[in-house]
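Q: Residue numbering for the sequence shown follows my numbering, beginning at 1017 and increasing consecutively.
All residues carry an ideal CB built from backbone N, CA and C; glycine is no exception.
Keep in mind it's a predicted model, so treat the numbers as computed, not measured.
Would you mind keeping the following structure in view while I ask a few things?
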Amino acid sequence: MPVHVCICCGAQFPDTPSPPDGCPICQDERQYVRQGGQAWSTAEEVAATHHTRVEEVEPGLLGVGVEPAFGIGQRALCTGGLLWDCIAVLDDAATRRLIDAGGVDTIAISHPHYYTGMADLAERLDARILLHEADRQWITRPTDRIELWSGDHHVLGPDLELVRLGGHFDGGTICLWRGGAEGRGALLTGDIVQVVADHDRVSFMYSFPCFIPLPAREILRIRDVLAGLVFDRVHGAWWGASVQDDAKAKVLRSADRYLAALR
Ligand SMILES: [Zn+2]
Ligand SMILES: [Zn+2]
């Protein structure tokens, strides 16, 4: 039976004779059901019509994306045995490339919009999947490989730490990579901290496609958490979406700008 895939967000659903009634991730007020209604593909069809792009983002960090773009269009990142965030398809060449680069033992995902093909990728890479327990209701294709974590910090090793930032989703998570930015520290943020068009500022939203901002108390709380981290670079959810230098000051200024606009 086919594994059903939501065309709009890329989430996979269990193999059943026909697709489910709808995709709860897209029906949620933060996302949207596309014009024309819910549409489905299958994991097999998506794999046959897409390939995986793997490219160095900075020394020690690979970007892993899907071409042509599928679903929300994010790319994942890979460093030190961690695949950060997820994509719909990991083809054979990309799987070999990640294994040659040291392999992946953990897939950690910022929030449900990027859960996508996590069950398939975990099998391919023989990895566990780490998700924040606050977002467990959005798991559309359960697998024994999923491990839920709770609280605000989860240390993966001396170089990598997951930090719950919330905001966009209750379990919204970023990853602090201490070795990033030539040792000055980099944040891998998905769209929990969204790098905006000039790549010099960031934003924070409850919903990006529906333009729903976060309240001031949330921005203040998020600002406090980020102020306590050591980093100089931010890698967001898309190819090229990075704040390359002086990122901490730029992130804090962006939060202040947001608060000023809400006043
Ligand atoms: Zn969906
Ligand atoms: Zn999102």
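Determine, using beta carbons only, whether Arg-1161 and Ala-1135 come nearer to each other than 9 Å.
A: As a first step, residue 1161 is located in the sequence shown; it is residue number 145 there, counting from the start. As a first step, residue 1135 is located in the sequence shown; it is residue number 119 there, counting from the start. The answer is yes: Cβ separation under 9 Å.
Q: Contact defined as beta carbons within less than 8 Å: I believe Ala-1063 pairs with Thr-1156. What is the distance between those atoms, to the nearest angstrom?
A: If you number the sequence shown from 1, residue 1063 lands on position 47. If you number the sequence shown from 1, residue 1156 lands on position 140. Actually they do not touch by this definition, with Cβ atoms about 18 Å apart.
Q: Measure the CB-CB distance between Gly-1133 and Val-1105 and report whether it falls below 9 Å.
A: Within the sequence shown, numbered from 1, the residue matching residue 1133 stands at position 117. Within the sequence shown, numbered from 1, the residue matching residue 1105 stands at position 89. Yes; because the gap between Cβ atoms is below 9 Å, this pair is in contact.
Q: Anyone know if the C-beta pair for Ile-1238 and Gly-1182 falls short of 9 Å?
A: The residue you call residue 1238 lines up with position 222 of the sequence shown. The residue you call residue 1182 lines up with position 166 of the sequence shown. Yes, Cβ-Cβ distance for Ile-1238 and Gly-1182 is below 9 Å.
Q: Note down, in chain order, each residue of its chain lying with its Cβ closer than 6 Å to the Cβ of Val-1246, except the 5 sequence neighbours on either side.
A: Here residue 1246 refers to the residue found at position 230 when the sequence shown is read from its first residue. The residues are Gly-1201.
Q: Using 8 Å as the cut-off, classify the Cβ of Asp-1207 as near or not near the heavy atoms of ligand 2, replying yes or no.
A: One-based indexing of the sequence shown puts residue 1207 at position 191. Within the cutoff, so yes.
Q: Cβ of Phe-1029 versus every heavy atom of ligand 2: is any distance shorter than 8 Å?
A: Reading the sequence shown from its first residue, position 13 is the one you call residue 1029. Because no heavy atom of ligand 2 lies under 8 Å away, the Cβ of Phe-1029 does not count as near it: no.
Q: Quick one, which of Val-1211, Trp-1056, Gly-1119 has its alpha-carbon nearest Pro-1018's?
A: The residue labelled residue 1018 in the question sits at position 2 within the sequence shown. Answer by Cα proximity: Trp-1056.
Q: Tell me whether Asp-1031 sits in a helix, a strand or coil according to DSSP, three-state version.
A: Taking the first residue of the sequence shown as position 1, residue 1031 is located at position 15. Of the three classes helix, strand and coil, the one that applies to Asp-1031 here is strand, per DSSP.
Q: Is Ile-1041 a contact residue of ligand 1, with contact defined as CB to any heavy atom under 8 Å?
A: As a position in the sequence shown, residue 1041 is number 25, starting the count at 1. Yes - ligand 1 has a heavy atom lying nearer than 8 Å to the Cβ of Ile-1041.
Q: Please tell me whether, using a cut-off of 8 Å, the distance from the CB of Ile-1238 to the nearest non-hydrogen atom of ligand 2 is below it.
A: Sequence index remark: in the sequence shown, residue 1238 carries index 222 (1-based). It does not: the Cβ of Ile-1238 is nowhere closer than 8 Å to a heavy atom of ligand 2.
Q: Among Arg-1279, His-1020, Gln-1260, Pro-1035, which residue has its Cα nearest to the Cα of Leu-1236?
A: Your numbering for residue 1236 matches position 220 in the sequence shown. Nearest option by C-alpha distance: Arg-1279.
Q: Touching or not, the segment 1248-1257 and the segment 1210-1221, by the rule of three or more beta carbon pairs under 8 Å?
A: With the cut-off at 8 Å, the segment 1248-1257 and the segment 1210-1221 touch.
Q: Do Ile-1103 and Gly-1081 have their C-beta atoms within less than 9 Å of each other?
A: Working through the sequence shown from its first residue, we reach residue 1103 at position 87. Working through the sequence shown from its first residue, we reach residue 1081 at position 65. Yes.
Q: Helix, strand or coil for Arg-1180, going by three-state DSSP, please let me know.
A: Taking the sequence shown and counting its residues from 1, one reaches residue 1180 at position 164. Three-state DSSP puts Arg-1180 in a strand.
Q: Can you check whether the CB of His-1251 is closer than 9 Å to the CB of Val-1073?
A: For the purposes of this step, residue 1073 is taken as the residue at position 57 of the sequence shown. For the purposes of this step, residue 1251 is taken as the residue at position 235 of the sequence shown. Yes, the pair counts as a contact, with Cβ atoms nearer than the cut-off.
Q: Using a Cβ-Cβ cutoff of less than 8 Å, which residues in the same chain neighbour Leu-1176 once the five nearest sequence positions on both sides are dropped?
A: Residue mapping note: residue 1176 aligns to position 160 of the sequence shown, counting from 1. Here the set comprises Thr-1095, Gly-1096, Leu-1098, Cys-1191, Leu-1192, Trp-1193, Arg-1194.
Q: Answer yes or no: the CB of His-1184 versus the heavy atoms of ligand 2, is any distance below 8 Å?
A: Position 168 of the sequence shown holds residue 1184. His-1184: yes, Cβ under 8 Å from ligand 2.
Q: Would Arg-1088 be called buried (16 or more neighbouring beta carbons within 10 Å of its own) or exposed?
A: Reading the sequence shown from its first residue, position 72 is the one you call residue 1088. It should be noted that the sequence gives Ile, not Arg, for residue 1088. That one is buried.
Q: Would you mind working out which of Tyr-1130, Thr-1111, Arg-1144, Arg-1113 sits nearest Ile-1123, comparing C-alpha positions?
A: Taking the first residue of the sequence shown as position 1, residue 1123 is located at position 107. Among Tyr-1130, Thr-1111, Arg-1144, Arg-1113, the Cα nearest to that of Ile-1123 is on Arg-1144.
Q: Between Asp-1108, His-1148, Leu-1164, which has its C-alpha nearest Leu-1137's C-alpha?
A: Position 121 of the sequence shown, counted from the start, is the residue given in the question as residue 1137. Taking only the C-alpha atoms, the option nearest Leu-1137 is Asp-1108.
Q: Let me check understanding here. Comparing Cα to Cα, which of Ala-1150, Arg-1273, Pro-1036, Ile-1115 lies closest to Pro-1306?
A: Absent from the structure is residue 1306, since the part of the chain shown begins at 1017 and ends at 1279.
Q: Can you tell me whether Phe-1185 is buried or exposed, with buried defined as 16 or more other CB within 10 angstroms of its CB?
A: Numbered from its first residue, the sequence shown carries residue 1185 at position 169. With 16 or more Cβ atoms within 10 Å of its Cβ, Phe-1185 is classed as buried.
Q: Between Glu-1060, Arg-1091, Gln-1054, Gly-1076, which has its C-alpha nearest Gly-1068's C-alpha?
A: Your numbering for residue 1068 matches position 52 in the sequence shown. Reading the sequence as shown, one finds Thr at residue 1068 and not Gly. Of Glu-1060, Arg-1091, Gln-1054, Gly-1076, the residue nearest in Cα terms is Arg-1091.
Q: State buried or exposed for Cys-1226, treating a residue as buried only when at least 16 other CB atoms are found within 10 Å of its CB.
A: On the sequence shown, residue 1226 is found 210 positions in, with the first residue counted as 1. Exposed, by the Cβ-count rule.
Q: Would you call Arg-1249 buried or exposed, if buried means 16 or more other Cβ atoms sit within 10 Å of its Cβ?
A: Numbered from 1 along the sequence shown, position 233 holds the residue referred to as residue 1249. Buried, by the Cβ-count rule.
Q: Going by Cα to Cα distance, which pick from Tyr-1131, Leu-1141, Leu-1093 is closest to Ile-1115?
A: Residue numbering aside, residue 1115 sits at position 99 when the sequence shown is read from its first letter. Looking at the Cα atoms, Leu-1141 is the closest of the given residues.
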